[in-house]
Amino acid sequence: METKIIHFMVHGRLERAEFGSECPAADVKDLFQAAAEAEPHHILKMYDTNGSLVNITPQLEANGEDSYYRLEAVASDLKRVGTPPELDDMEHRLHRLERKVIEDVGSVPEVLREMKTHVESFKEKLESLEHLSWMGLFKTDRDQRLADPKPPTQQPSVPDGREQVHRRFLHMSSLQVTEEVKEHLKTPLFDNWQWEEAEMLVLLQVMFADLDFLALLHIELDVLQNFLFEVYCHYNNVPFHNFRHCFCVTQMMYGLIWLTDLRSHFPPLDLLVMLTSALCHDLDHPGYSNVFQINAQTHLARRYNNVSPLENHHCTMAFGILSEPERNILKNLSGEQYRHIRAGMIRCILATDMARHNDILLRFRVTQPIFDFTNEEHREVLMKIMLKVSDISNEARPMAVAEPWLDCLLQEFFNQSDTEKLQGLPVTPFMDRDQVSKPSSQTNFIQFVLLPLFTELTKLFPCLEQHILVPVQRALDFYSDMERVTKQEKEQEELELL
Ligand code: 5GP
Ligand code: MN
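Counting from 4, one number per residue, gives the positions in the sequence shown under this note's numbering.
Written as structure tokens, this is what we have:
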């Protein structure tokens with residue numbers, strides 16, 4: 004096959020490409036796409052020496068080094084980007100199948116209708132989650148957002164469902180929460196699954212009020228309500244890192260504050276840092292981990308140079324919400340108090356990156372024999388540990404509450420590893436559905452992460468033993484038994500096959 008040589012200038016470099024006229028068109032496009040380091044949503048434009056556009060096809064005319072083409076990658080208006088071919092193809096096949104079934108059977112069976120709904124909702128998800136924008140479907144002008152990220156105020160108006168939650172929240176917030184519920188709220192026994200979103204917002208308001216933050220830190224009730232509602236609006240509808248997880252982490256933090264009588268060791272300002280950090284610690288989580296962000300080179304990884312991209316983003320979102328006076332619960336504090344809270348929240352939220360787990364635990368461990376509540380450094384590491392414990396405390400809850408959370412977590416993990424496989428990215432081993440099971444995931448996590456962390460906090464607060472250490476030990480026994488039984492069953496099956 005005869006090959007030709009194309010000379011072209013891209014990003015200020017003179018490059019050469021070689022291909023034959025028989026080369027498939029897609030390969031030629033790929034070649035220039037790679038040369039321009041373009042992403043899927045970019046459009047490639049090739050100009051000749053006269054400045055006229057030429058088609059990028061296998062028939063592109065060969066040229067000399069001094070009559071090179073000019074290649075440019077231009078960001079397309081994403082509103083006009085079509086669906087990816089796989090999805091298009093799936094919709095097309097479904098449509099054909101539907102027509103055929105109608106011809107043969109006369110009506111569309113339920114299973115087909117369900118499939119169509121699934122495809123549609125998947126497409127909607129791709130179009131609505133900013134963090135899936137690397138798939139090229141997100142409906143906004145991405146480059147403008149990159150240059151000038153929109154603060155949360157300018158985001159689209161509140162969708163209907165949220166407006167209803169808002170109304171119900173405001174309506175219910177004037178009603179009294181019973182003493183029994185309030186007491187329950189202070190322990191890890193609290194069952195989050197019984198409460199709907201508007202009710203969780205009311206309970207969060209109760210937590211702020213019961214710690215006396217409104218009076219002590221001059222927080223106006225309507226500002227607190229606006230703040231809580233905005234926080235709710237900025238959690239995504241993902242399986243695990245959603246608003247309910249935010250509620251659980253905040254509730255555990257609230258419980259720990261009471262159980263350890265932290266009010267006698269920390270001023271209200273620091274307690275506000277802890278509760279607010281818990282509330283904001285996963286804001287706008289896309290359901291894909293830091294490792295994914297970095298491997299897929301998402302805009303979050305680029306924006307934060309691979310350094311805790313998610314945690315940096317959660318924190319930026321928090322201060323974006325607080326940037327509007329009508330929901331700034333810190334607006335009546337002095338400049339110095341504001342700076343103290345901001346620094347504390349940044350420290351705590353960034354500390355939730357599990358990549359820093361061992362480092363933070365080690366630093367807490369060395370303070371143990373000499374822990375001093377008046378030592379600034381000791382207090383700071385304790386605040387981080389309190390948030391970290393709250394963040395990963397599901398297994399300290401009763402089994403009936405904890406187990407559904409594990410299903411949610413694995414669903415999110417499996418979503419990620421499936422995407423990694425589809426995209427040809429490295430597969431995160433503990434998220435791989437082919438390698439992980441409920442018991443294996445928990446026995447490892449409890450032994451190597453939870454128990455060492457919870458044991459360290461319990462050394463400082465022995466009263467926590469019954470509340471967090473005992474239930475986690477029980478969960479480990481439960482999942483170890485399950486793991487053993489599963490293994491025995493598997494061995495038995497293998498024996499029978501022989
Ligand atoms: P987060 O992402 O919620 O801020 O940080 C906590 C991380 O710890 C989660 O993303 C997840 O990887 C891990 N994690 C939390 N709870 C559990 C659990 O119960 N089991 C396992 N296997 N991992 C957990
Ligand atoms: Mn979390």
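The beta-carbon is built from N, C-alpha and C at its ideal position, and this holds for glycine as well. Fair warning: this is a prediction, and the values are worked out from it, not measured in the lab.
Simplified DSSP assignment, three categories, for residue i
i       : result
Arg-148 : Only weak support is given to the placement of Arg-148: the predicted model assigns it a pLDDT of 37, under 50, and the question is left unresolved by the model.
Ile-449 : helix
Ile-59  : coil
Phe-22  : strand
Pro-155 : Caution applies to Pro-155, whose pLDDT of 41 falls short of 50 and renders its modelled position unreliable; the model cannot decide the point.
Ala-78  : strand
Arg-73  : strand
Leu-47  : strand
Leu-17  : strand
Met-485 : helix
Ile-297 : helix
Lys-334 : coil
Gly-85  : Below a pLDDT of 50, predicted positions are generally treated as unreliable, and Gly-85, at 42, falls in that range; no measurement from the model is reported.
Glu-499 : helix
Glu-202 : helix
Ser-396 : coil
Asp-480 : helix
Ala-346 : helix
Phe-216 : helix
His-237 : coil
Tyr-307 : coil
Met-138 : In this prediction, Met-138 has a pLDDT of 49, which is less than 50 and means its spatial position is unreliable; what the coordinates show is noted afterwards. The answer is helix: DSSP assigns Met-138 an H, G or I state.
Arg-436 : coil
Glu-182 : helix
Ala-443 : First, the residue type needs correcting, since residue 443 is Ser and not Ala in the sequence shown. Note: Ser-443 maps to helix in three-state DSSP.
Lys-493 : helix
Thr-458 : helix
Ala-356 : First, the amino acid is wrong: residue 356 is Asp here, not Ala. In this structure, Asp-356 counts as coil in the three-state DSSP scheme.
Val-2   : Limits of the chain in this structure are 4 at one end and 501 at the other, which puts residue 2 out of reach.
Gly-189 : For the record, residue 189 in the displayed sequence is Lys; it is not Gly. Lys-189 falls in the coil class under three-state DSSP.
Ser-292 : coil
Asn-229 : helix
Asp-107 : helix
Ile-373 : helix
Ile-222 : coil
Phe-243 : coil
Pro-112 : coil
Any non-hydrogen atom of the ligand GTP closer than 7 angstroms to residue i Cβ
i       : result
Thr-355 : Although the ligand GTP was asked about, the structure shown includes only the ligand 5GP and the ligand MN as ligands.
Identity of the residue in the options nearest residue i by Cα
i       : options                            : result
Tyr-235 : Leu-56, Tyr-341, His-284           : His-284
Val-439 : Gln-414, Gly-338, Asn-245          : Gln-414
Asn-397 : Leu-390, Lys-391, Ala-405          : Ala-405
Ser-177 : Val-209, Gln-197, His-187, Trp-198 : Val-209
Ser-70  : Pro-61, Leu-56, Asp-51             : Asp-51
His-470 : His-98, His-381, Trp-261, Lys-103  : Trp-261
Gln-445 : Met-348, Met-402, Pro-61           : Met-402
His-268 : Tyr-307, Phe-464, Ala-321, Val-473 : Phe-464
Val-473 : Arg-400, Leu-231, Leu-500          : Arg-400
Ile-297 : His-14, Thr-60, Met-49, Thr-431    : Thr-431
Leu-385 : Glu-497, His-316, Lys-32, Leu-456  : Leu-456
Leu-204 : Pro-328, Glu-106, Thr-279, Leu-231 : Leu-231
Met-277 : Ile-449, His-248, Phe-250, Gly-347 : Gly-347
Asp-273 : Tyr-307, Glu-379, His-237          : Glu-379
Thr-6   : Ser-393, Cys-26, Asn-308, Arg-99   : Cys-26
Val-180 : Trp-196, Asp-163, Gly-164, Asp-213 : Asp-213
Met-502 : His-316, Pro-442, Arg-477          : Nothing can be reported for residue 502, as the shown portion of the chain is limited to 4 through 501.
Pro-271 : Asn-239, Leu-217, Arg-342, Asn-315 : Leu-217
Phe-481 : Gln-450, Glu-314, Asp-356          : Gln-450
Thr-263 : Thr-489, Ala-478, Leu-467, Val-475 : Leu-467
Limits of the alpha helix (DSSP H) - the one that residue i falls within
i       : result
Phe-11  : Taken as a continuous stretch (DSSP letters only), Phe-11 belongs to no alpha helix (DSSP H), being part of the beta strand (DSSP E) at 6 to 13.
Cys-466 : Segment: none, Cys-466 is in no alpha helix (DSSP H) and carries neither H nor E.
Leu-278 : 271 to 283
Asp-362 : 360 to 370
Thr-422 : 402 to 426
Gly-164 : 163 to 176
Gly-323 : 312 to 324
Lys-32  : 28 to 38
Phe-250 : 246 to 262
| request: Considering only heavy atoms of the ligand MN, list every residue whose Cβ is less than 5 angstroms from one of them, following chain order. | output: Matched residues: Asp-285, Asp-394.
| Contact the segment 326 to 337 vs the segment 221 to 228: 3+ CB pairs below 8 angstroms | Cβ pair count under 8 angstroms is three or more, so yes.
| message | Pairs of beta-carbons, one from the segment 12 to 20 and one from the segment 36 to 53, closer than 8 angstroms: are there three or more? | response | Result yes; three or more Cβ-Cβ pairs closer than 8 angstroms.
| Are three or more beta carbon pairs between the segment 363 to 374 and the segment 296 to 309 nearer than 8 angstroms? | The segment 363 to 374, when compared against the segment 296 to 309, does not touch it at the 8 angstroms Cβ threshold.
| message | Can you confirm whether the segment 168 to 183 touches the segment 240 to 260 when touching is taken to mean that 3 or more C-beta pairs between the two stretches lie within less than 8 angstroms? | response | No, because fewer than three Cβ pairs between the segment 240 to 260 and the segment 168 to 183 fall closer than 8 angstroms, the two stretches do not touch.
| request: Spell out a yes or no on whether the segment 187 to 196 and the segment 253 to 264 are touching, meaning 3 or more CB-CB pairs, one atom from each, closer than 8 angstroms. | output: Taking 8 angstroms as the limit for Cβ pairs, the verdict is that the segment 253 to 264 does touch the segment 187 to 196.
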